[in-house]
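So the sequence shown is residues 591 to 1019, counted in this note's numbering. Using N, Cα and C, we set each Cβ at its ideal position, and we do this for glycine too. These figures come from a predicted structure and were not determined experimentally. Worksheet: the structure to be examined is printed underneath.
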Amino acid sequence: MGTTEVGQTQYRQGMYKVVMDQFERAADVMGLDASVREILSRTNSEIVVHFPVRMDDGSIEVFTGYRVQHNNALGPYKGGLRYHPTVDIESARALAIWMTWKTALAGLPYGGGKGGVQIDPKRYSRVELERITRRFTYALGDNIGPDLDIPAPDVNTNSQIMAWIADTYCSTKPANTRSSNMHVVTGKPTGSGGLDGRDRATGFGVVVTLKAWAQRRNADLKGMRYIVQGFGNVGYWTAHFLAREGAVLVAVQDASGTLYKAEGIDPEALHAHVETNAASVAGFKGAAPMPAEEFFGLDCDIVVPAALGNQITATNAGSIKAKVVAEGANGPTDTEGEAILHRNHVEIIPDILCNSGGVIGSYIEWLLNRRMEHGRIDEVLRMIEDKITTAFTQVAHTAAEFDTDWRTSAYIVALRRLESAYKERGIFP
Ligand code: GLU
């Protein structure tokens, strides 16, 4: 498929092309209502802000931040903020659209949003990052809010950054609304309304989907060999919970390097290394370096991309020997890569199902904040498991109903919910 001009006066490329290819395939297969299709193929609003920040040396740097709000038919916009050089309007748009499908599939009362700042956070000091975050929040102003648009952590953002956002947002509102505004963001530290267990929610959910997959295949995760791309929050916690199932991590890759050990890498030792080595796997003594381009073709059962988008492409998809790709990242497989995986009978647990544990954890945090209550980690993980298992079963049934792949059926489950919301309510005025 070549580039096509769409309503947003943008050409489709990168992740935006991928998400629209996926949407159109599902809309065709299910026969989505034409008006709903038209509505959902555009974003509701796209906010771009430029804001100045004082650096440690006294100079001023001007940053660009984004927040794209795709759709709020099912509830407030929900989705992360990432700090990365690849953040731009096109990637924010694609990621916002994925959030709409993800929250609808999980049955959450949310829509989809995403954004971030185009920076390499490694280049800034902690206090600079705090000032960048606070000025970004101030620039977003009333475009976010606990019942309007609720950001959360994503690539290179964490609970500390969420705490700064919550504090800045609440500080610009009347003092008597402070406690009723803390849920303007989720993924906060536990001392500031955060949820015990939100940090591990995405990785935990990835493993829930892999357990469901193994069960359907009458297989056991015990002894299965897997590789992980990205060892941030999602990659690490996935490895942590897969170790409990007895699966063996044979290779890991991030921007700093690719490491291999046939007998298995210890996820906890690797995590300890990453924590003290600028978030990089390079230099870890418990595994040997290997060529980056051979990573996806390694002999293993499970591939977990848990880094950035468009990593499994026509260049490497044909080399994948694993039985399943569990998409911990958002949009890790592009359209051509996916066609090759299908041809080779490699199954895909699609991102909007596979990594939905994170936003389900966010929903629990947001609900508890509204009720001024605290949650228990075992209850939180049980709720995440329940919701993901339900969604997985719906995806499997719908795949059988339409004789289609899991990604398309996950879209159909989500799109049916959105379609009925529009049909019930009609369009104002
Ligand atoms: N950034 C995560 C995602 O892509 C979580 C979003 C959220 O909790 O709102 O799903």
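query: Can you name the start and end residues of the beta strand (DSSP E) that proline 743 belongs to?
result: Where proline 743 is concerned, the enclosing beta strand (DSSP E) stretches over 739-743.
- prompt: Relative to the C-alpha of aspartate 924, which residue among Val985, Asp941, Ala912, Lys913 is closest?
  reply: When Val985, Asp941, Ala912, Lys913 are compared, the shortest CA-CA separation from aspartate 924 is found for Asp941.
- request: With a threshold of 7 Å, establish whether the CB of alanine 845 neighbours any heavy atom of the ligand GLU.
  value: For the ligand GLU, not one heavy atom lies less than 7 Å from the Cβ of alanine 845.
- request: If I'm right that asparagine 733 touches arginine 657 with Cβ under 8 Å, what's the distance once you round it to whole angstroms?
  value: Contact holds; Cβ gap of about 6 Å.
task: Apply the 10 Å Cβ neighbour rule to phenylalanine 886 and answer buried if 16 or more other Cβ atoms are within range, or exposed otherwise.
output: By the neighbour-count rule (16 or more Cβ atoms within 10 Å), phenylalanine 886 is buried.
query: With a CB to CB cut of under 6 Å and the five nearest residues on each side skipped, what residues in its chain are close to threonine 848?
result: Excluding residues up to 5 positions away in sequence, Met880, Ala882, Phe885 lie with their Cβ nearer than 6 Å to the Cβ of threonine 848 in the same chain.
Straight-line gap, histidine 773 to serine 952 (C-alpha atoms, nearest Å): So the alpha carbons of these two residues sit roughly 10 Å apart.
- prompt: What does DSSP give as the partner residues of glutamate 636 in its beta bridges?
  reply: Residue pairing for glutamate 636: DSSP places it in a beta bridge opposite Val658.
message: Can you look up tyrosine 667 in the DSSP assignment and give me helix, strand or coil?
response: Of the three classes helix, strand and coil, the one that applies to tyrosine 667 here is strand, per DSSP.
- request: Could you work out which residue in Glu720, Pro743, Leu800, Arg672 is closest to aspartate 757 when comparing CA atoms only?
  value: When only C-alpha atoms are compared, the closest one is Glu720.
- request: Kindly indicate which residue of Phe794, Ala852, Val775 has the alpha-carbon position closest to the one of glutamate 835.
  value: For the options Phe794, Ala852, Val775, the alpha carbon positioned closest to that of glutamate 835 is the one of Phe794.
query: Is the Cβ-Cβ distance between alanine 896 and alanine 919 less than 8 Å?
result: Yes, they are a contact pair.
query: Roughly how many angstroms lie between the CA atoms of lysine 763 and histidine 964, to the nearest whole one?
result: Within the model, the alpha-carbon separation for lysine 763 versus histidine 964 is close to 24 Å.
- prompt: Which word fits serine 761, buried or exposed, when buried means at least 16 other C-beta atoms lie within 10 angstroms of its C-beta?
  reply: Around the C-beta of serine 761, fewer than 16 other C-beta atoms lie within 10 Å, and the residue is accordingly described as exposed.
task: Determine the extent of the beta strand (DSSP E) in which lysine 704 is found, giving its start and end residues.
output: Counted as a single uninterrupted DSSP element, the beta strand (DSSP E) harbouring lysine 704 occupies residues 702-707.
Per-residue DSSP class, three states only, for valine 643: Of the three classes helix, strand and coil, the one that applies to valine 643 here is strand, per DSSP.
query: Would the C-beta of aspartate 744 count as close to the ligand GLU, meaning under 7 Å from any of its heavy atoms?
result: Annotation for aspartate 744 indicates a beta carbon within 7 Å of some heavy atom of the ligand GLU.
message: If contact is defined by three or more beta carbon pairs under 8 Å, each pair taking one atom from either stretch, is the stretch 900-918 in contact with the stretch 654-672?
response: Touching, no, given that fewer than three Cβ pairs across the two stretches are closer than 8 Å.
- prompt: Say the cut is 7 Å; is the CB of valine 949 nearer than that to a heavy atom of the ligand GLU?
  reply: Valine 949 Cβ: within cutoff of the ligand GLU.
- prompt: Rounded to a whole number of angstroms, what is the C-alpha to C-alpha distance between glutamate 917 and valine 608?
  reply: Cα atoms of glutamate 917 and valine 608: separation of roughly 14 Å, rounded to the nearest angstrom.
query: Does any heavy atom of the ligand GLU sit closer than 7 Å to the C-beta of threonine 776?
result: Checking every heavy atom of the ligand GLU against the Cβ of threonine 776, one is found closer than 7 Å.
- prompt: DSSP state of aspartate 757, grouped into three classes?
  reply: Assignment of aspartate 757 by DSSP, reduced to helix, strand and coil, places it in the helix class.
- request: Using three-state DSSP, classify leucine 888 as helix, strand or coil.
  value: Under the three-state reduction of DSSP, leucine 888 is assigned to coil, being neither helix nor strand.
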